[in-house]
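Reading through the structure tokens given below for one structure.
There are 2 protein chains.
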Amino acid sequence: MKLIDSFGPNPRVVRMFIAEKDITLPSEQVDILAGDNRKEGYLKRNPGGQMPALELDDGSFIAETAVICEYLEEKYPDHTRIGKTAEERAHARLWQRRVELNITENMYNGFRYAEGYEMFKDRLHCIPAAAADLKAVAQEKLKWLDSLMGNQPFICGNEPRFVDITLYCCLDFMQGVGQALNPDLKNIGAWFARMAARPSAAASLHPASEQVKMRG
Amino acid sequence: MKLIDSFGPNPRVVRMFIAEKDITLPSEQVDILAGDNRKEGYLKRNPGGQMPALELDDGSFIAETAVICEYLEEKYPDHTRIGKTAEERAHARLWQRRVELNITENMYNGFRYAEGYEMFKDRLHCIPAAAADLKAVAQEKLKWLDSLMGNQPFICGNEPRFVDITLYCCLDFMQGVGQALNPDLKNIGAWFARMAARPSAAASLHPASEQVKMRG
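This is the structure:
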């Protein structure tokens with residue numbers, strides 16, 4: 010197996026997931042600022058054009074961060090970050106989708122259609138007129154999540170799950186590009202600090218110092 | 010286990026998945042036109058407010074169509090519709106996400122923000138200004154899918170998967186509400202006819218004749 014990696018928040022999710030599970034994978038870097046992930050060589054591996062991807066032992070490629078992490082979880086069930094039973098997995102996946110469809114997808118699209126527009130305008134069908142509303146929806150849903158999670162340590166309860174990693178990497182990225190964490194969300198704020206203190210948070214930072222580049 | 014069911018395309022996805030897997034589940038109906046899924050009793054079960062949901066044997070509830078079907082697949086692995094191996098599941102989930110994030114989510118939101126606006130305006134943060142672009146993105150990505158799938162029988166190859174059910178139920182619903190299938194998409198058109206001919210397509214229609222109601 011080989012991780013096809015780059016800077017950016019989604020590849021970081023996979024790196025943080027790997028660090029949490031205490032596994033290592035060889036990796037290959039793709040230059041997304043140069044748009045190498047939108048060129049023919051990469052599109053043959055992943056016609057979606059997005060990063061990251063995972064080359065499997067049979068030579069095929071999978072993509073989509075959540076799919077890659079589900080696959081790694083099946084291959085390396087120790088230090089579970091999705092769940093040990095079908096019921097645990099169902100609850101973790103439920104929160105995964107709630108967080109992605111309500112919060113992180115809206116934040117990413119809000120970014121791509123506004124602050125990230127110059128980078129994304131020729132890569133995606135951007136909808137600049139929706140950017141402000143998408144960001145607003147994400148903030149409303151973060152408030153909803155804040156009220157539902159209360160002071161439990163992690164989004165699904167007492168154990169860290171893939172959804173925690175997904176949201177943490179998104180919020181950490183967004184702090185630098187105009188979608189700072191609302192300080193009124195006390196539960197999310199405390200959770201964010203807990204996530205930031207995990208060794209996997211530092212271990213998953215990209216050597217190319219993604220945040221500086223994206224802000225630059 | 011009990012399926013919390015209603016009319017609408019997402020509950021139909023679960024019913025069609027169940028029919029494909031040849032299992033039966035008791036169910037309870039919720040009146041979504043009356044907004045019962047947005048009232049306190051239902052929100053205690055599913056704070057997302059969406060349909061369908063699944064009550065587990067331990068009395069807890071899960072929601073999100075894809076999560077419910079992954080759970081049922083784990084509990085009833087026969088007649089797999091996600092995959093028999095980790096690799097098969099990864100490829101099926103990859104297409105599942107590509108189809109949802111690029112096509113069906115955009116079609117549903119395009120509908121909710123336009124034709125469905127009166128029903129959804131007090132239930133969701135609607136973005137009417139984005140409706141036309143969301144529908145356009147879905148059409149672009151359907152064309153992309155059409156070119157990638159070629160004349161293979163199903164989206165992932167030779168076997169029907171959950172993603173086929175997800176896309177079929179969405180496209181069938183959308184035909185009645187302003188997002189008809191583009192007849193130029195020959196591969197998708199042939200695939201759609203194959204899906205429509207499956208016994209599960211008829212078996213999953215809702216007795217309340219969802220399409221007539223939604224068009225009415």
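Order-wise, the sequence lines are chains A and B. Under our numbering, residues 10 to 225 are what the first sequence spells out, in order. Under our numbering, residues 10 to 225 are what the second sequence spells out, in order. Backbone N, C-alpha and C fix where the C-beta goes; we use that ideal spot for every residue, glycine too. Here the structure is a predicted model, which means the values were calculated and not measured.
query                                                                                                                                                                                     : result
Determine whether the Cβ of Arg106/A lies closer than 8 Å to any Cβ atom of chain B.                                                                                                      : yes
Excluding the five sequence neighbours on either side, which residues of its own chain have a C-beta within less than 7 Å of the C-beta of Asp66/A, listed in chain order?                : Met10
Taking Val1/A as the query, report the chain B residues whose CB atoms sit under 7 Å from its CB, ordered along the chain.                                                                : Nothing about residue 1/A can be read from this structure; chain A reaches only from 10 to 225.
Within 10 Å of its beta-carbon, does Gln161/B have 16 or more other beta-carbons around it, so buried, or fewer, so exposed?                                                              : exposed
Would you please verify whether the beta carbon of Tyr126/B is less than 8 Å from any beta carbon of chain A?                                                                             : no
Applying the 10 Å Cβ sphere with the 16-neighbour rule, what's the burial state of Ala140/A?                                                                                              : buried
Pull out every residue of the segment 78-99 of chain A whose Cβ sits closer than 8 Å to any Cβ of chain B, in chain order.                                                                : Glu79, Tyr80, Glu83, Lys84, Ala95, Glu96, Arg98 and Ala99
Whose C-alpha, out of Leu214/A, Asp142/A and Pro35/A, is nearest the C-alpha of Tyr117/A?                                                                                                 : Asp142/A
Would you list the one or two residues that DSSP bridges to Gly166/A?                                                                                                                     : Phe163/A
Let me know if Gln184/B comes out buried or exposed under the rule of 16 or more other beta-carbons within 10 Å of its beta-carbon.                                                       : exposed
Along the chain, where does the alpha helix (DSSP H) containing Asp155/A start, and where does it finish?                                                                                 : Ala140 to Met158
Can you tell me which of the three DSSP states Asp87/B falls into?                                                                                                                        : coil
Can you give me the Cβ contacts of Gln38/A inside the same chain, cut-off strictly under 7 Å, excluding the 5 residues immediately before and after it?                                   : Asp14 and Ser15
Quick one: is Gly57/A near chain B, going by C-beta distance under 8 Å?                                                                                                                   : yes
Say whether the segment 16-26 of chain B touches the segment 183-198 of chain A, bearing in mind that this needs 3 or more beta-carbon pairs closer than 8 Å, one atom from each stretch. : no
Here's a check: name, in chain order, each residue in its chain whose Cβ is nearer than 8 Å to the Cβ of Gly70/A, leaving out the five neighbours to either side.                         : It is Phe, not Gly, that sits at residue 70/A in the sequence shown. Counting only Cβ-Cβ distances below 8 Å, and skipping sequence neighbours, we find Ile13, Arg54, Asn55, Ala62, Leu63 and Glu64.
Check the Cβ of Glu149/B against every Cβ in chain A and list those closer than 8 Å, keeping chain order.                                                                                 : His134
Please report the straight-line C-alpha distance between Arg170/A and Arg47/B, rounded to a whole angstrom.                                                                               : 28 Å
Verify the CB distance criterion: does Val23/B have a CB-CB separation below 8 Å to chain A?                                                                                              : no
Among residues of its own chain, excluding the 5 on either side of Cys165/A, which ones have a beta-carbon nearer than 7 Å to its beta-carbon?                                            : His100, Ala101, Trp104 and Val172
Would Met60/B and Ile41/B be called neighbours here (beta carbons separated by less than 8 Å)?                                                                                            : yes
Short check: CB of Ile27/B to CB of Leu81/B, under 8 Å?                                                                                                                                   : yes
Would you say Arg102/B reaches chain A, if we count a Cβ-Cβ gap shorter than 8 Å as a contact?                                                                                            : yes
Taking the alpha carbon of His215/B as the point to measure from, which residue in Ala206/B, Leu151/B and Phe182/B has its own alpha carbon closest?                                      : Phe182/B
Closest Cβ-Cβ distance between Val172/B and chain A: below 8 Å?                                                                                                                           : no
For Ala205/B, count neighbouring C-beta atoms within 10 Å of its own C-beta (all shown protein chains included) and say buried if the count is 16 or more, exposed if not.                : exposed
Ile227/A touches chain B at which residues, Cβ-Cβ below 9 Å?                                                                                                                              : Given a span of 10 to 225 for chain A in the structure shown, any question on residue 227/A remains unanswerable.
Pull up the distance between the alpha-carbon of Tyr51/B and that of Gly58/B, whole angstroms please.                                                                                     : 7 Å
Of all Cβ atoms in chain B, is any one closer than 8 Å to the Cβ of Asp45/A?                                                                                                              : no
If the criterion is Cβ atoms closer than 8 Å, does the pair Ala75/B and Arg106/A meet it?                                                                                                 : yes
Which value, in whole angstroms, describes the spacing of the CA atoms of Glu83/A and Leu34/B?                                                                                            : 28 Å
Have a look at the DSSP bridge pairing and note the partners of Ile13/B.                                                                                                                  : Glu37/B and Ala62/B
Among all the DSSP beta bridges, which residues are the ones paired with Ile32/B?                                                                                                         : According to DSSP, which records beta bridges pairwise, Ile32/B is partnered with nothing at all.
Output, in chain order, the set of chain B residues within a Cβ distance shorter than 8 Å of Ala138/A.                                                                                    : Ala138, Ala139 and Asp142
At a Cβ cut of 7 Å, what residues of the segment 185-211 of chain B count as close to chain A, listed as they run along the chain?                                                        : none
Provide the residue(s) that pair with Phe70/A in DSSP beta bridges, ordered along the chain.                                                                                              : Glu64/A
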